[in-house]
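Engineer:
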């Protein structure tokens, strides 16, 4: 869809630190991560909310989300992950996306307050994407 940032990333027209690109969807690093290694998973087609995801795509899409939750934890040595999705309210980009955020005990994340950070540079972001990709089951 014209003007959609995530569609631009899927099409390769916008830069992103890609973690995985497969028929079920695309995963890339959030540019303003809650914690470094925060991944966004998007379907390849432009859909706005979870209700728009065709039932026949649920298993493949959430299978990808599940694999990324495992890879983020294993690849980054995280204690776990926080997996979340907004539909309309607080949805910063109107394209269905699922957040996979690495968590550690005592990391300070409380409730739905999401502080944001930045990568020091492209090399640091690339190293996070590489570590997660290498841990994909």
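Residue numbers (the UniProt record's numbering): 1 to 137.
All residues carry an ideal CB built from backbone N, CA and C; glycine is no exception.
Could you give the distance in angstroms between the alpha-carbon of residue 48 and the alpha-carbon of residue 10?
Structural biologist: Position 48 of the chain shown, counted from the first residue, corresponds to residue 48. Position 10 of the chain shown, counted from the first residue, corresponds to residue 10. One C-alpha to the other measures close to 15 Å.
Engineer: Please determine, among 110, 76, 107 and 88, the residue with the shortest C-alpha to C-alpha distance to residue 128.
Structural biologist: Position 128 of the chain shown holds residue 128. Nearest C-alpha to residue 128: 76.
Engineer: Could you work out which residue in 36, 2, 1 and 8 is closest to residue 117 when comparing CA atoms only?
Structural biologist: Working through the chain shown from its first residue, we reach residue 117 at position 117. With distances taken between Cα atoms, residue 117 lies closest to 36.
Engineer: With DSSP as the reference, please indicate the residues paired to residue 28 in a beta bridge.
Structural biologist: For this step, residue 28 is matched to residue 28 along the chain shown. DSSP lists 18 and 40 as partners of residue 28.
Engineer: Using 10 angstroms around the beta-carbon of residue 101, count the other beta-carbons present and answer buried if the total reaches 16, otherwise exposed.
Structural biologist: Position 101 of the chain shown holds residue 101. So residue 101 ends up on the buried side.
Engineer: Grab me the residues of residue 61's own chain with a C-beta within less than 7 Å of its C-beta, minus the 5 sequence neighbours each way, in chain order.
Structural biologist: Here residue 61 is taken as the residue at index 61 of the chain shown, counted from 1. So the qualifying residues of the chain are 24, 25, 43 and 53.
Engineer: Which residue wins for smallest C-alpha separation from residue 45, given the options 107, 38 and 5?
Structural biologist: The residue labelled residue 45 in the question sits at position 45 within the chain shown. Selected option, being the one with the closest Cα: 5.
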